[in-house]
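Enquirer: Heads up: the sequence shown runs through residues 811 to 1035, numbered per our numbering. Quick reminder that beta carbons are idealized off the backbone N, C-alpha and C, glycines included.
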Amino acid sequence: MTVLFPKWTNKIPAMLALGAAATGLCVVFVVSYWFSPKNTDVGYQPFQPIEYSHELHVGLLGMDCRYCHRLVEEGPHATVPDTATCMGCHKEVKKDSVLSEPLRTAFGDGLTTDTPIEWVKVHLLPEFSYFNHAVHVRSGVGCASCHGRVDQMAIVTQDQPLSMGWCLECHRDPTPHLRPSGVSPTKMDWVADEASIAAARQRLEWRDQTPPELNPPTHCSACHR
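Written as structure tokens, this is what we have:
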């Protein structure tokens, strides 16, 4: 009797199952590693309609972040400056600069032709996530904790993944990011030390006497509303 299939073909189902399992594991690894915000979002650096350099304005000239992002201590959004805020300086400073031409065009006479600049959002959270800037800033979290050393960026780049895991890591232990009272949240070169961490930990231990923002929540409804 002629044998149509050799004995080794009996191993094909097992080999296919093993190959499928290995392929599945590879897919899981690739997605979990390379598709994470650490790889897809960190380093995002879009070009803006105006070549505005934070390195120049914040780092060299020493402008405070709140001059432009003026609602960062009062509301959920930091807000971006309108053309009038920019022209408050550039009517006198570098008023003939070629780089500022789009700004002057958008501003017009400031009354009838003022057009908002369409800045490209860099730090984009999902719409189902709720983040309040004022709560974090007023509790002592500095700009650099989330945005990195913006004062050293000619073009703003996303410095942190802003993922759920990254946020939870801070909420579980915010002490390295809580600045002592008197230290401005916009002081970019501030670095936590043992004293500041110990002071922050003591503030967190007084849970019954501290405002809610000093006890960062880790439950789902805190951010997903």
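1) Hey, how far is the Cα of Glu928 from the Cα of Met825?
2) Along the chain, where does the alpha helix (DSSP H) containing Asn942 start, and where does it finish?
3) Measure how close the beta-carbons of Leu913 and His900 come, nearest whole angstrom, since I'm counting them as under 8 Å.
4) Could you spell out where the alpha helix (DSSP H) holding Trp976 opens and where it closes?
5) Helix, strand or coil for Val868, going by three-state DSSP, please let me know.
6) With H, G and I counted as helix, E and B as strand and the rest as coil, what does DSSP make of Leu935?
7) Tell me Leu988's beta-bridge partners as DSSP assigns them.
8) Take Pro926 and list the residues in its own chain whose beta-carbon comes closer than 6 Å to its own, dropping the five residues that flank it on each side.
9) Could you give the distance in angstroms between the alpha-carbon of Leu814 and the alpha-carbon of Ile822?
10) For Phe917, does the count of other Cβ atoms within 10 angstroms reach 16, so buried, or fall short, so exposed?
11) Quick one: is Thr893 buried, meaning 16 or more other Cβ sit within 10 Å of its Cβ, or exposed?
12) Reducing DSSP to helix, strand and coil, say where Pro1026 ends up.
13) Do Gly958 and Pro995 have their C-beta atoms within less than 8 Å of each other?
14) Just verifying my parser: in three-state terms, what is the DSSP assignment at Tyr877?
15) Going by beta carbon distance, what residues of the same chain come within less than 6 Å of Ile965, once the five residues before and after it are set aside?
Expert: In this structure, then:
1) In the sequence shown, the residue the question calls residue 928 occupies position 118. In the sequence shown, the residue the question calls residue 825 occupies position 15. If I take the Cα positions, the gap works out to 56 Å.
2) Here residue 942 is taken as the residue at index 132 of the sequence shown, counted from 1. Bounds of any alpha helix (DSSP H) do not take in Asn942, whose DSSP letter is neither H nor E.
3) Within the sequence shown, residue 913 is the residue found at index 103, counting from 1. Within the sequence shown, residue 900 is the residue found at index 90, counting from 1. Right, their Cβ atoms sit about 6 Å apart.
4) By 1-based counting over the sequence shown, the position of residue 976 is 166. Here the alpha helix (DSSP H) through Trp976 covers Met974 to Arg982.
5) Residue 868 sits at position 58 when you count from the first residue of the sequence shown. It is helical.
6) Residue numbering aside, residue 935 sits at position 125 when the sequence shown is read from its first letter. DSSP places Leu935 in coil when its eight states are reduced to three.
7) Sequence index remark: in the sequence shown, residue 988 carries index 178 (1-based). DSSP links Leu988 through a beta bridge to Val951.
8) Numbered from its first residue, the sequence shown carries residue 926 at position 116. If we look at Pro926 and ignore the five residues flanking it on each side, it has no Cβ neighbours.
9) For this step, residue 814 is matched to residue 4 along the sequence shown. For this step, residue 822 is matched to residue 12 along the sequence shown. Distance between the alpha carbons of Leu814 and Ile822: 15 Å.
10) In the sequence shown, counting from the first residue as 1, residue 917 sits at position 107. Phe917 sits buried, since 16 or more C-beta atoms from the chains shown fall within 10 Å of its C-beta.
11) Locating residue 893 in the sequence shown gives position 83, where the first residue counts as 1. Buried: at least 16 other Cβ atoms inside 10 Å.
12) Numbered from its first residue, the sequence shown carries residue 1026 at position 216. If DSSP states are grouped into helix, strand and coil, Pro1026 belongs with coil.
13) Along the sequence shown, read from residue 1 onward, the residue named residue 958 stands at position 148. Along the sequence shown, read from residue 1 onward, the residue named residue 995 stands at position 185. Going by beta carbons, Gly958 and Pro995 fall outside the 8 Å limit.
14) Mapped onto the sequence shown, residue 877 falls at position 67. Tyr877 falls in the helix class under three-state DSSP.
15) Taking the sequence shown and counting its residues from 1, the one referred to as residue 965 is at position 155. Within the same chain, Ile965 has close Cβ partners Gln855.
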